[in-house]
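Enquirer: Residue numbers (this note's numbering): 948 to 1018.
Ideal placement from N, C-alpha and C gives every residue a C-beta, glycine not left out.
Provided herewith is a single structure, encoded as structure tokens, for subsequent inquiry.
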């Protein structure tokens, strides 16, 4: 992957778009559909749930998890 590919992916996320990140065929050979949570609306979440495994994952720091009372 080239640096320009990464720059394009970051720019897509920044403007509210979705990207697909794939791992190596020699690893798990799977992908992740990603978008910035600050841009995600109900239609986006519905798309993720319909077109993926049905699990929605989110990255939180410890402070935000505590704010949401997630252990």
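Please report the straight-line C-alpha distance between residue 962 and residue 952, rounded to a whole angstrom.
Expert: Between residue 962 and residue 952, the C-alpha separation is close to 16 Å.
Enquirer: Using only the alpha-carbon positions, how far apart do residue 977 and residue 1014 sit?
Expert: The alpha-carbon atoms of residue 977 and residue 1014 are separated by roughly 32 Å.
Enquirer: Assuming residue 960 and residue 983 are in contact, meaning their beta carbons sit under 8 Å apart, how far apart are those beta carbons, in whole angstroms?
Expert: About 5 Å separates the two Cβ atoms, so the contact holds.
Enquirer: Among residues of its own chain, excluding the 5 on either side of residue 996, which ones have a beta-carbon nearer than 7 Å to its beta-carbon?
Expert: Cβ within range, chain order: 1003.
Enquirer: Identify, in the order they occur along the chain, each residue of the same chain with its Cβ nearer than 8 Å to the Cβ of residue 970, setting aside the five sequence neighbours on each side.
Expert: Result list for residue 970: 976, 977, 978, in chain order.
Enquirer: Could you tell me the distance, in whole angstroms, from the CA atom of residue 993 to the CA atom of residue 973?
Expert: Rounded to the nearest angstrom, the two C-alpha atoms are 31 Å apart.
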